[in-house]
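A.B. asks: Counting from 9, one number per residue, gives the positions in the sequence shown under the working numbering. Every residue, glycine too, gets a C-beta built ideally from N, C-alpha and C.
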Amino acid sequence: MIQIRSQSIWEHLRINNLLSASLSSLIFGFGLAVTAQVQAKIILEEVVITATKRTQNAQDVGKSVNAFDSQALDKAGIEDVSRLELITPGLAFAQRGNDYKISIRGADAENTDRAEPVPNGVFVDGLYRLRAAQGGNAFLDVASVEVLKGPQGTLFGRNTLGGAILVKTNKPDTEAPIAGAINFTVGNFEKRKAQGFVNAAIKDNFAVRLAGSWNDADGWIKNLGASNDLGEVDDVAIRGSALWEPSENLSILVSHFHYDSGGSALGAYGYQSRGTLRDPDPTSVIPITQRQTVANGIHDPVNSRGGSLGTRGDRGPWEIYRDSDFIRDVQEDTTALEINWYVGDISIKSLSAYTDYFNLAQVDGDYSEGRLLEESRLDDTEYWSTELQISGETEKLDWVTGLYYSQEDMTHAFLRTWLGFAATAAEVAANTPIAALANCGNAFGSIATAAVADPTNPNAVCPNQFAGNPSELENETFGVFAHGIYRVTDSARVSAGVRYSRNKMDYFGQRIMRSTGVLGQTTIGAPSASSNESWSKVTWEVGGELDVFEDSLLYASVSTGFLAGSYNNNGTTYDPQKVIAYEIGLKNRLLNDRLELNIAAYRNEFDDMLAGILDAQSLTVKTNGGSLTAMGIEVDLKALVTDNFTMVANMAYMDSSYDTFGASNRFQSAGTLPLDANGNISLDGRDTPWAPTASGNVGLSYSLSTAMGVFTPHMQLAYSGSHFTTGLQQFDLAKQDAYAKLDMRLYWESHDGHWNAQAYVENVSNIAVLQHTIVGGSDIIQVSWGKPRMYGFRVGYNF
């Protein structure tokens, strides 16, 4: 983040404008002493980004972008998208099972099951990551990460509602004959990790690069029952790439990425049971565990899901009791081809890729040591895409246009298996029919047990029951786009873009229900449905930029975005989600390039946003719930306080609330909650999820050179205001209170740059942060928590 430029002090002892003077007074008022050197001036590094599909300085782009190079990512402990919220204002993260859910500026990620397009996309080297879970395996040999705010409805292959995360990996270097690095990490929970890369320039115009990572760790959620801990890690990632430059005007890059992740899943929808909500009537003589469930009722901590059989409840965020194994199996292979061809002033880029992706999470579905239910979520996807970009630049106009096409073939299934087990001795002695056995009760009500035990059979068992919703989906996406930036004067520019998108889906789904017991196997029913649907939309953006001073950029924009509709497991459809976004911002480089201050204000108006409901079989389906508005202010600051002392600080204020929004009641009664005209719970005027009113972070680094090398202690403090953790109806158990999370790191690097080491502690105070809440079958409240305190040590060598 530091760059040295040799210049005279007299060329820089000037303050550009009144804003610079005001900021100088403010910073000095806080005791930040900015020092100047006569011959060598240390400045903040200029960050280069590709947010507009052009290579530009981040401070010259009229968009809200947070960009981080590899050094900044390392300081923040960023190994995947899960910790980006700690350094990015307006971004929130949650994990549900294997899915990574990212919310940006009010566009939440509640609905990312199956084929739902994610509202805030992750792009790796320009390639769209189709599934929500893929954000966790993208960070290998990363050069930089850009977080784009606001809808990306013009330039990117798949539209996004709230923003996009652009991950750029390191390419083969034709000027490095042999270069590489390797490092090893050990930490708590028996963490062991090795990662590295090697680069080889075979010829002046041909180079290859191989990067790999192996990560193994015990689970950070202790299972006090008979099965495995949750959060176990067993990951391998490899990327191989080759770059050929047959001429100055042509380059060809081929790469293959392989990822294989085992270990244990963090549940299907959540890993901990928090009981349910019951009738709050204080005069009732009915035991609380037998009362009706009520949406605004009182908390009953007892596991409400059938099969728990009164066994021990979970003891806290990171201690549970389970008897069935949690299995995680995620595999990905992506092969990509990128061709860049320069013909005069015209640049032609072709980017094509094929991905084979498999994601399985098998979990204990009764949330207890009771032997009743296992659940599995499975996605098996083949996906290929191709994009053609043509761009150019004249004296007045920068332009880019292109075509995009993708095809997805997906199989999805959510499966439940009710496990057979022996009846009690008393039940056998009484010749009790299996349909009436207490231990065989189907608490979900979706399948009736018809088999009857043989009274003469002393080993009568409950029948196994199986229910599933396998579905197949084919999805074609087509887009054509154009974007231009026109220089009106040397200091003023206008921009405009337009895109036509079309999505076509073919769906085939079926519901399988069967029972297997002592009398054999009986198929309860297997209805199926098939249909096709298509959605199209024209999205656009217009904007303006003005260099108000030499190092200050004022910008404003209006843009639109949409996400195509899709299918539910039961064959029903929902419509596209839409947004129109307004933004105005000011970007500044001040105090002789030692201070960077960016301010952005925005208003996003979303319509037809999704809400989740339960169908008759207690499976989640989606419907368009209504509209919401999110508006706020974000401030980003970077400062070289001294030549050795760096400060990075961000702040976000957000007011995000539902305008008109109805969520289907997931309990037996809505209680006294207000209902809309359709009988749904009205969330009108309520805060949206993962949208704290205030959030921010500050990072402080100080480099100290000694005879033993350079030591750099780094502290990072992140704050989040209170917020809801569910996109469904809201209740106190789904709310995360305000919290602050502290990370500490100490870096060391040898003077020759070959050796380095790092000691770290993340979440120093061991704060439990509620990430996600959902209400499932039997009205059970299922939740997921963030990680506890993590610490470790890393050593590395560069060659």
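In chain order, what are the residue ranges of uninterrupted alpha helix (DSSP H) at least 4 long that sit wholly in the segment 161 to 218?
C.D. replies: With a minimum length of 4 residues, no continuous alpha helix (DSSP H) run stays inside the segment 161 to 218.
A.B. asks: Relative to the alpha-carbon of W763, which residue among F192, F614, D181 and F147 has its alpha-carbon at the smallest distance?
C.D. replies: Taking the first residue of the sequence shown as position 1, residue 763 is located at position 755. Comparing Cα-Cα distances from W763 to each of F192, F614, D181 and F147, the minimum goes to F192.
A.B. asks: Verify whether the separation of the beta carbon atoms of T394 and S360 is less than 8 Å.
C.D. replies: Here residue 394 is taken as the residue at index 386 of the sequence shown, counted from 1. Here residue 360 is taken as the residue at index 352 of the sequence shown, counted from 1. Yes, Cβ-Cβ distance for T394 and S360 is below 8 Å.
A.B. asks: So the candidates are L683, S538, Q397 and D387; which of them puts its Cα closest to the Cα of E416?
C.D. replies: Taking the first residue of the sequence shown as 1, we reach residue 416 at position 408. The candidate whose alpha carbon is nearest that of E416 is D387.
A.B. asks: Determine the direct distance from the alpha carbon of T733 to that of F669, and round the result to whole angstroms.
C.D. replies: As a position in the sequence shown, residue 669 is number 661, starting the count at 1. As a position in the sequence shown, residue 733 is number 725, starting the count at 1. Rounded to the nearest angstrom, the two C-alpha atoms are 17 Å apart.
A.B. asks: Buried or exposed for A746, going by 16 or more other Cβ atoms inside 10 Å?
C.D. replies: In the sequence shown, the residue the question calls residue 746 occupies position 738. With fewer than 16 Cβ atoms within 10 Å of its Cβ, A746 is classed as exposed.
A.B. asks: Go ahead and pull the three-state DSSP assignment for D59.
C.D. replies: On the sequence shown, residue 59 is found 51 positions in, with the first residue counted as 1. Looking at the sequence itself, residue 59 is Ala, so the reference to Asp does not match. Correct three-state label for A59: coil.
A.B. asks: Comparing C-alpha positions only, which one of G271, S665 and G551 sits nearest to K199?
C.D. replies: If you number the sequence shown from 1, residue 199 lands on position 191. Checking every option, the nearest Cα to that of K199 belongs to G271.
A.B. asks: What is the DSSP secondary structure of I296, counted as helix, strand or coil?
C.D. replies: Locating residue 296 in the sequence shown gives position 288, counting from the first residue. It is helical.
A.B. asks: Excluding five sequence neighbours on each side, which residues of the same chain lie with their C-beta closer than 7 Å to the C-beta of S703?
C.D. replies: Mapped onto the sequence shown, residue 703 falls at position 695. Taken in chain order, the residues that qualify are P97, A660, Y727, S728 and G729.
A.B. asks: Quick one: which unbroken beta strand (DSSP E) runs of 3-plus residues sit fully inside the segment 348 to 415? Chain order, please.
C.D. replies: The qualifying runs are 354 to 372 and 381 to 401.
A.B. asks: Suppose you measure from the CA of F101 to the CA of E256; what does that come to, to the nearest Å?
C.D. replies: Position 93 of the sequence shown, counting from 1, holds the residue named residue 101. Position 248 of the sequence shown, counting from 1, holds the residue named residue 256. Rounded to the nearest angstrom, the two C-alpha atoms are 43 Å apart.
A.B. asks: Compute the distance between the beta-carbons of Q779 and S792, then report whether it is under 8 Å.
C.D. replies: Counted from its first residue, the sequence shown places residue 779 at position 771. Counted from its first residue, the sequence shown places residue 792 at position 784. For Q779 and S792, yes; Cβs fall inside 8 Å.
A.B. asks: Anyone know if the C-beta pair for E642 and A608 falls short of 8 Å?
C.D. replies: The count along the sequence shown starts at 1 and reaches residue 642 at position 634. The count along the sequence shown starts at 1 and reaches residue 608 at position 600. Going by C-beta atoms, E642 is nearer than 8 Å to A608.
A.B. asks: Ignore the nearest five residues each way along the sequence and tell me which others in N178's own chain have a CB closer than 6 Å to its CB.
C.D. replies: Counting from one through the sequence shown, the residue named residue 178 turns up at place 170. Counting only Cβ-Cβ distances below 6 Å, and skipping sequence neighbours, we find D149 and A151.
A.B. asks: Residues bridged to Y755 by DSSP?
C.D. replies: For this step, residue 755 is matched to residue 747 along the sequence shown. DSSP, once it has assigned bridges, lists T720 and Q766 as partnering Y755.
A.B. asks: Over the uninterrupted alpha helix (DSSP H) stretch that includes S78, give me the two end residues.
C.D. replies: What you label residue 78 is simply residue 70 of the sequence shown in a count that begins at 1. Per DSSP, S78 belongs to the alpha helix (DSSP H) from S78 to K83.
A.B. asks: Could you give the distance in angstroms between the alpha-carbon of D787 and the alpha-carbon of P288?
C.D. replies: Walking along the sequence shown from the start, residue 787 turns up at place 779. Walking along the sequence shown from the start, residue 288 turns up at place 280. Distance between the alpha carbons of D787 and P288 is about 16 Å.
A.B. asks: Would you mind working out which of A202, L274 and S259 sits nearest G227, comparing C-alpha positions?
C.D. replies: By 1-based counting over the sequence shown, the position of residue 227 is 219. The option with the nearest alpha carbon to G227 is L274.
A.B. asks: Which residue marks the beginning of the beta strand (DSSP E) containing Q585, and which one marks its end?
C.D. replies: As a working note, residue 585 is residue 577 in the sequence shown. Q585 to L598 is the extent of the beta strand (DSSP E) around Q585.
A.B. asks: Where E124 and N367 are concerned, what is the direct C-alpha to C-alpha distance, given to the nearest angstrom?
C.D. replies: Position 116 of the sequence shown, counting from 1, holds the residue named residue 124. Position 359 of the sequence shown, counting from 1, holds the residue named residue 367. The alpha-carbon atoms of E124 and N367 are separated by roughly 15 Å.
A.B. asks: Once you ignore the five residues that flank S544 on each side, which residues in its own chain have a CB closer than 6 Å to its CB?
C.D. replies: For the purposes of this step, residue 544 is taken as the residue at position 536 of the sequence shown. So the list reads R510, once near-sequence residues are dropped.
A.B. asks: Using the C-alpha atoms, what's the distance from Y329 back to N231?
C.D. replies: Residue 231 sits at position 223 when you count from the first residue of the sequence shown. Residue 329 sits at position 321 when you count from the first residue of the sequence shown. So the alpha carbons of these two residues sit roughly 5 Å apart.
A.B. asks: On the premise that G170 lies in contact with G114, defined as a C-beta separation below 8 Å, what is that separation, rounded to the nearest angstrom?
C.D. replies: On the sequence shown, residue 114 is found 106 positions in, with the first residue counted as 1. On the sequence shown, residue 170 is found 162 positions in, with the first residue counted as 1. 7 Å between Cβ atoms; contact.
A.B. asks: May I have the straight-line CA-CA distance separating G634 from D692, to the nearest angstrom?
C.D. replies: Within the sequence shown, residue 634 is the residue found at index 626, counting from 1. Within the sequence shown, residue 692 is the residue found at index 684, counting from 1. Rounded to whole angstroms, G634 to D692 spans 9 Å at the Cα level.
A.B. asks: Tell whether a beta-carbon distance below 8 Å holds between S664 and T714.
C.D. replies: Locating residue 664 in the sequence shown gives position 656, counting from the first residue. Locating residue 714 in the sequence shown gives position 706, counting from the first residue. No, these two residues do not count as a Cβ contact at 8 Å.
A.B. asks: Looking only at its own chain, which residues have a Cβ that is under 6 Å from the Cβ of K646, when we skip the five neighbours before and after it?
C.D. replies: For this step, residue 646 is matched to residue 638 along the sequence shown. Excluding positions up to five away in sequence, the list reads L52, E604 and V656.
A.B. asks: Sort L594, A202 and A219 by Cα distance to A208 and report the nearest one.
C.D. replies: One-based indexing of the sequence shown puts residue 208 at position 200. Here the closest residue by C-alpha is A219.
A.B. asks: What distance in whole Å lies between the Cβ atoms of D224 and V241, which are believed to be in contact at a cut-off of 8 Å?
C.D. replies: Here the question's residue 241 lines up with position 233 in the sequence shown. Here the question's residue 224 lines up with position 216 in the sequence shown. That belief holds up - the Cβ atoms of V241 and D224 are roughly 6 Å apart, short of 8 Å.
A.B. asks: How about D583 and N540: do their beta carbons lie closer than 8 Å?
C.D. replies: Sequence index remark: in the sequence shown, residue 583 carries index 575 (1-based). Sequence index remark: in the sequence shown, residue 540 carries index 532 (1-based). It is not a contact, given that the beta carbons lie outside the stated cut-off.
A.B. asks: Please confirm whether L515 and S565 have their CB atoms less than 8 Å apart.
C.D. replies: Within the sequence shown, the letter at position 507 stands for residue 515. Within the sequence shown, the letter at position 557 stands for residue 565. Here the sequence assigns Tyr to residue 515, which means Leu is not the residue at that position. Not closer than 8 Å, so no.
A.B. asks: Do N612 and G593 come within 8 Å of each other at the CB atom, strictly closer than that value?
C.D. replies: Position 585 of the sequence shown holds residue 593. Position 604 of the sequence shown holds residue 612. No, they are not a contact pair.
A.B. asks: Identify whether R104 lies in helix, strand or coil by the three-state DSSP scheme.
C.D. replies: Here residue 104 corresponds to residue number 96 of the sequence shown, with the count starting at 1. If DSSP states are grouped into helix, strand and coil, R104 belongs with the strands.
A.B. asks: Quick check on DSSP: helix, strand or coil for D787?
C.D. replies: Within the sequence shown, the letter at position 779 stands for residue 787. Helix.
A.B. asks: What is the C-beta distance between S677 and Q300, in whole angstroms, given that I count them as a contact (C-beta under 8 Å)?
C.D. replies: Position 669 of the sequence shown, counted from the first residue, corresponds to residue 677. Position 292 of the sequence shown, counted from the first residue, corresponds to residue 300. Confirmed, Cβ separation roughly 6 Å.
A.B. asks: Rounded to whole angstroms, what's the CA-CA distance from V769 to P721? Just pull it up for me.
C.D. replies: Numbered from its first residue, the sequence shown carries residue 769 at position 761. Numbered from its first residue, the sequence shown carries residue 721 at position 713. Taking the straight line from one Cα to the other gives about 12 Å.
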